[in-house]
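Engineer: Shown below is the structure under consideration.
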């Protein structure tokens, strides 16, 4: 046989042996660019999976350098087959070769997703010879820098295998030490993907959900991150260590930049499914954002939006090849069964948490109908699984009300309104339906947790609230929590309606009348300053209660929400009363005996009113014309005789003024019973006449001027006299004029003026100031003090001079 032919056969055999792995490798590498976001979250978990699968327990370390990330673990040495699978990934983890129990990566796609960090992976580790107890240290490089070129990949596989053959040497295996390393060269990007960015985002993600993941990966004892890179500036060191397990509580120690925190995870399993939630101070901690809801040991990246209230983890799931989901079609009976077990696990979890009095249970109440599988899977998830979870939630005492009592979710009222008005809505609703509302600090969290399309029965909208409010029409019968002022509470409700949806005023019987009864908008009116006396008169004559139709005064600020033209003022009520009396008078054949009391009240209001006569006549067109007749009709026979007697006495005007005064009827009765005192009373009244009537300021000025002119005539200067107008020129208050003769005082004269004629002088008083009385008593004024009494009448006047002297008797 030709040697050349034999060489050709060897070459083709080799090409054939490399062709299929290269093709498969190419097929797995090609989707990376279209799944960068998913691969960014997945790369660490693929490495963790490979560290966990072949070890009873393992420690993991991630070292960050500026241009390199190195993943190291303390697990067992590689087998030869494992190394070959790294070089030529074929997911060749044969179930006959390894113990498949608790194996997470049996459906995995190798380390392909980790190429999102770099096109080149440097692997260093220890490999154990199959038939001997010998260990070899090796270094290989996995180059995928041209992933779309099959020939390149074939040559890369061939080159790496040759590298393995030539680059290994005997070494000691030290159990529990970090002898396995996967290094990613960040300056060698895969298809121009930003490996540093993928690394940073992936690390941030893994730190967030690592405590949950390690609850399901019990073989992993610790995960450490050492940061030597400038780009990773969030922390310098991180470590999560399994600390202990006490019943359902798994405790991890988290050390970040030398700060220690203990994290308690509540772990629970049921049959083939398990879950984990974080507990802090006996409160459920909310799941991190973008938390996968389905785990197969590791998170199934892509299930972040699956609408489950808790994580469901099972190693028995049959996920998709890409490990981004499970299917729930009729053909996926095992997956369905595990999810149904998840419902029972959820029920078991709730009961334990309630028995432990654990709080913040709204963090495990997030249920949605979203699922990212095929259409048959989505239908079963929504119609079967979601409904089952909701049924468990509704029957469980998940909600803590304002009194601190746990109540079933089905009996709760979760406030539903836009975020802007949420706090105000809760405030008014809490006073009204407090026993069914969540406690204040949690109501917004419940609002965010519940999908009201799936659980409409707990939706407490603003309209639901108003519908309940108007069921109790009498405001005083409201039983409010944390509010003693019902009217203030209702004003807050009105304010919220005006801001949220003013049209709701049209829909609900919510307007309070003056008797505190809730009324419909079209039957309530604004009281535009109608006098209470007229309202009382109207109620009497019409036998109605107008207050039932008038808006309560506390709500006048909301009058603009009443119907157009719903204001009732003075004109309305006067016209109504006038028309009512007119009709009643006609109906009773012109006799007012059936409405005497309201008629008397109207006479009093009419007479006491400050309105002008014309205004009153316009308001009471009928009554004003009938007033005199109606007035007499209000008297009985005795009262008519008394009125006739008064009219005939000629004293009606005077008595009318007396009636207008503030004197009481008791005082007037006492005075009339002592008629002999009337003259003394009148004299007293006469003595109280002051300058307003007979000597006002202007009249006084006129009188002084007349006296001044008269004195100038009587005492001319050419005869040696001088007349000084002292009150005007010198502001003198003791007298008005001083008469000098050759520089000596002859007289002091004070003018006293009245507008009554001289014929009435005996009944006209005049007033002396205290300063004048004191001056009269002085020696200076003796026999020199005169009064000039001025009488003004029409256009004439008269001045008489009186001498005033004190005389001792």
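In this note's numbering, the protein residues as written are 1 to 809.
Where a beta carbon is used, it is the ideal one built from N, C-alpha and C, also for glycine.
Who are residue 725's beta bridge partners in DSSP?
Structural biologist: Residue 725 pairs with 737.
Engineer: For a quick check, are the C-beta atoms of residue 313 and residue 275 less than 8 angstroms apart?
Structural biologist: Yes. Within cutoff.
Engineer: Exposed or buried, which one is residue 750 when buried takes at least 16 other CB atoms within 10 Å?
Structural biologist: Classification of residue 750: buried, given that the 10 Å Cβ count is 16 or more.
Engineer: Who are the near neighbours of residue 519 in its chain, counting only those whose CB is closer than 7 angstroms to its CB and skipping five residues on each side?
Structural biologist: Answer for residue 519: 509, 511, 513, listed in chain order.
Engineer: Give a yes or no on whether the C-beta atoms belonging to residue 568 and residue 527 are separated by under 8 angstroms.
Structural biologist: The answer is yes: Cβ separation under 8 angstroms.
Engineer: By the three-class DSSP mapping on this structure, what secondary structure does residue 260 have?
Structural biologist: Three-state DSSP puts residue 260 in a strand.
Engineer: Which term fits residue 692, buried or exposed, when burial requires 16 or more other beta carbons within 10 angstroms of its beta carbon?
Structural biologist: Any reading at residue 692 is ruled out, since the residue's pLDDT is 42, under 50, leaving its predicted position unreliable.
Engineer: Rounded to whole angstroms, what's the CA-CA distance from residue 297 to residue 502? Just pull it up for me.
Structural biologist: Answer to the nearest angstrom: the Cα atoms are 54 angstroms apart.
Engineer: Does DSSP put residue 180 in a helix, a strand or coil?
Structural biologist: In the structure shown, residue 180 sits in a strand (DSSP, three-state: E or B).
Engineer: By the 10 Å Cβ neighbour count, where 16 or more other Cβ atoms means buried, how is residue 625 classified, buried or exposed?
Structural biologist: Exposed: under 16 other Cβ atoms inside 10 Å.
Engineer: Determine the burial state of residue 102: buried for a count of at least 16 other Cβ atoms within 10 Å of its Cβ, exposed for fewer.
Structural biologist: Confidence at residue 102 is low in this model, with a pLDDT of 46, below 50, so the placement of that residue is unreliable and no value is reported for it.
Engineer: How is residue 520 classed by DSSP in three states: helix, strand or coil?
Structural biologist: Reduced to three states, the DSSP call for residue 520 is coil.
Engineer: Nearest-angstrom Cα distance between residue 790 and residue 709?
Structural biologist: The alpha-carbon atoms of residue 790 and residue 709 are separated by roughly 12 angstroms.
Engineer: Can you give the Cα-Cα distance for residue 552 and residue 487, rounded to whole angstroms?
Structural biologist: Near 10 angstroms, if we compare the C-alpha coordinates of residue 487 and residue 552.
Engineer: Could you check what DSSP says for residue 790 in three-state terms: helix, strand or coil?
Structural biologist: Residue state, collapsed to three classes: strand.
Engineer: List the residues that DSSP assigns as beta-bridge partners of residue 528.
Structural biologist: Per DSSP, 569.
Engineer: Following the continuous beta strand (DSSP E) through residue 237, name the residue where it begins and the one where it ends.
Structural biologist: Looking at the DSSP string, the run of the beta strand (DSSP E) that includes residue 237 is 237-246.
Engineer: Find out if the Cβ-Cβ distance for the pair residue 310, residue 266 is shorter than 8 angstroms.
Structural biologist: Not closer than 8 angstroms, so no.
Engineer: Do the region 697-716 and the region 792-803 make contact, defined as three or more Cβ pairs closer than 8 angstroms?
Structural biologist: Verdict: yes, contact present.
Engineer: Apart from the five residues just before and just after residue 428, which ones in its own chain have a Cβ nearer than 8 angstroms to its Cβ?
Structural biologist: Only 465, 489, 492, 493, 496 meet the Cβ criterion.
Engineer: Classify residue 229 as helix, strand or coil using the three-state DSSP reduction.
Structural biologist: Residue 229: coil per DSSP, three-state reduction.
Engineer: DSSP three-state label for residue 481, please.
Structural biologist: Three-state DSSP puts residue 481 in coil, outside helix and strand.
Engineer: Alpha carbon to alpha carbon, what distance is there between residue 280 and residue 404?
Structural biologist: One C-alpha to the other measures close to 19 angstroms.
Engineer: Report the rounded CA-to-CA distance for residue 800 versus residue 617, giving the unit in angstroms.
Structural biologist: Whole-angstrom Cα-Cα distance: 52 angstroms.
Engineer: Could you pull out every unbroken alpha helix (DSSP H) segment of at least 4 residues lying fully inside the region 343-396, listed in chain order?
Structural biologist: The region 343-396 contains these whole alpha helix (DSSP H) runs: 375-380, 387-394.
Engineer: Going by C-alpha distance, which of 226, 299, 348 is nearest residue 270?
Structural biologist: Nearest of 226, 299, 348 to residue 270, Cα basis: 348.
Engineer: Quick one, which of 340, 178, 36, 406 has its alpha-carbon nearest residue 383's?
Structural biologist: Ranking the options by Cα distance to residue 383, first place goes to 340.
Engineer: Between residue 218 and residue 456, what straight-line distance do the alpha-carbon atoms span, to the nearest angstrom?
Structural biologist: So the two alpha carbons sit approximately 41 angstroms from each other.
Engineer: Which runs of the beta strand (DSSP E) fall wholly inside the region 271-340 and span at least 3 residues, in chain order?
Structural biologist: For the region 271-340, whole beta strand (DSSP E) runs of length 3 or above, ordered along the chain, are 273-280, 294-296.
Engineer: Grouping DSSP H, G and I as helix and E and B as strand, with all else coil, what is residue 551?
Structural biologist: Three-state DSSP puts residue 551 in a strand.
Engineer: Let me confirm a value: residue 806 is counted as buried when at least 16 other C-beta atoms fall within 10 Å, else exposed. Which label applies?
Structural biologist: Label assigned to residue 806: exposed.
Engineer: Is the separation between the beta-carbon of residue 361 and that of residue 401 shorter than 8 angstroms?
Structural biologist: Against a cut-off of 8 angstroms, the Cβ pair of residue 401 and residue 361 comes out as no contact.
Engineer: So is residue 471 buried or exposed if we call it buried at 16+ other beta carbons inside 10 Å?
Structural biologist: By the 10 Å Cβ count, residue 471 comes out exposed.
Engineer: Residues bridged to residue 143 by DSSP?
Structural biologist: Its beta-bridge partners are 120.
Engineer: Does DSSP put residue 772 in a helix, a strand or coil?
Structural biologist: Residue 772 falls in the helix class under three-state DSSP.
Engineer: Assign residue 20 to one of two classes, buried (16 or more other C-beta atoms within 10 Å of its C-beta) or exposed (fewer than that).
Structural biologist: Exposed, because fewer than 16 other Cβ atoms sit within 10 Å of the Cβ of residue 20.
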